[in-house]
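Student: If you're matching positions, the sequence shown starts at 2 in UniProt numbering and goes up one per residue.
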Amino acid sequence: KRLLVLHGPNLNLLGTREPEVYGRVTLEQIDQALSVRAKEAGVELLTFQSNHEGQLVDRVQAAAREAVEFIVINPAAYTHTSVALRDALAGVGIPFVEVHLSNVHRREPFRHHSYFSDQAEGVICGLGWKGYVYALEFALERLVPQSA
Ligand code: DQA
2 KRLLVLHGPN LNLLGTREPE VYGRVTLEQI DQALSVRAKE AGVELLTFQS NHEGQLVDRV
62 QAAAREAVEF IVINPAAYTH TSVALRDALA GVGIPFVEVH LSNVHRREPF RHHSYFSDQA
122 EGVICGLGWK GYVYALEFAL ERLVPQSA
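(1) Which of helix, strand or coil does DSSP assign to GLN50?
(2) Cβ of SER51 versus every heavy atom of the ligand DQA: is any distance shorter than 7 Å?
(3) Which two residues bound the contiguous alpha helix (DSSP H) that contains LEU90?
(4) Is it buried or exposed, THR80, if we count other Cβ atoms within 10 angstroms and call 16 or more buried?
(5) Tell me, to the nearest whole angstrom, how far the beta carbon of residue 1 is from that of ALA136; I am working on the premise that it is less than 8 Å.
(6) Note down the Cα distance separating VAL93 from ARG66, rounded to an integer number of angstroms.
(7) Determine the direct distance from the alpha carbon of ARG3 to that of LEU47, and round the result to whole angstroms.
(8) Let me know if HIS101 comes out buried or exposed under the rule of 16 or more other beta-carbons within 10 Å of its beta-carbon.
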């Protein structure tokens with residue numbers, strides 16, 4: 002069983018990027034924590050971060066060929082702009098959970114709309130980096146029901 006975690010633009014700066022909004026945990030630490038948990042459940046976890054929309058689209062398309070069964074995605078700023086990434090997820094038909102570290106609904110109005118939420122199995126926002134962990138737990142329950 003295989004799962005993909007996708008991180009959008011600027012998330013490579015986690016740890017130093019506006020820590021009062023996004024926290025002090027680095028992307029590497031998040032991916033590491035998720036990998037440990039997935040391994041424990043016997044699931045292979047792939048991770049990918051890009052600052053480029055097309056690379057994220059390509060990664061989603063590749064996921065279908067790699068038999069990825071579930072995606073956890075923080076599209077970051079592309080949440081609010083990317084029809085292309087939305088279409089990629091719809092195109093491959095892989096179920097996904099949308100994650101945001103910050104509570105986007107408590108922030109600027111332009112962050113209130115997401116091109117992903119109506120297609121997502123669920124959305125987690127405002128719970129910091131642990132939101133990824135909660136999303137992973139949901140994915141694991143889907144993939145390996147006895148792992149919960
Ligand atoms: C974000 C929220 C987005 O509005 C923002 O552009 C990000 C990160 C979050 O995780 O809170 O880059 O997705």
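Don't be surprised by glycine CBs; every beta carbon is placed ideally from N, CA and C.
Tutor: This is what the structure holds:
(1) strand
(2) Incorrect: SER51 has no Cβ contact closer than 7 Å to the ligand DQA.
(3) 84-93
(4) buried
(5) The structure shown does not extend to residue 1, since the chain is modelled only from 2 through 149, so no value can be given for it.
(6) C-alpha separation (whole angstroms): 9 Å.
(7) 8 Å
(8) buried
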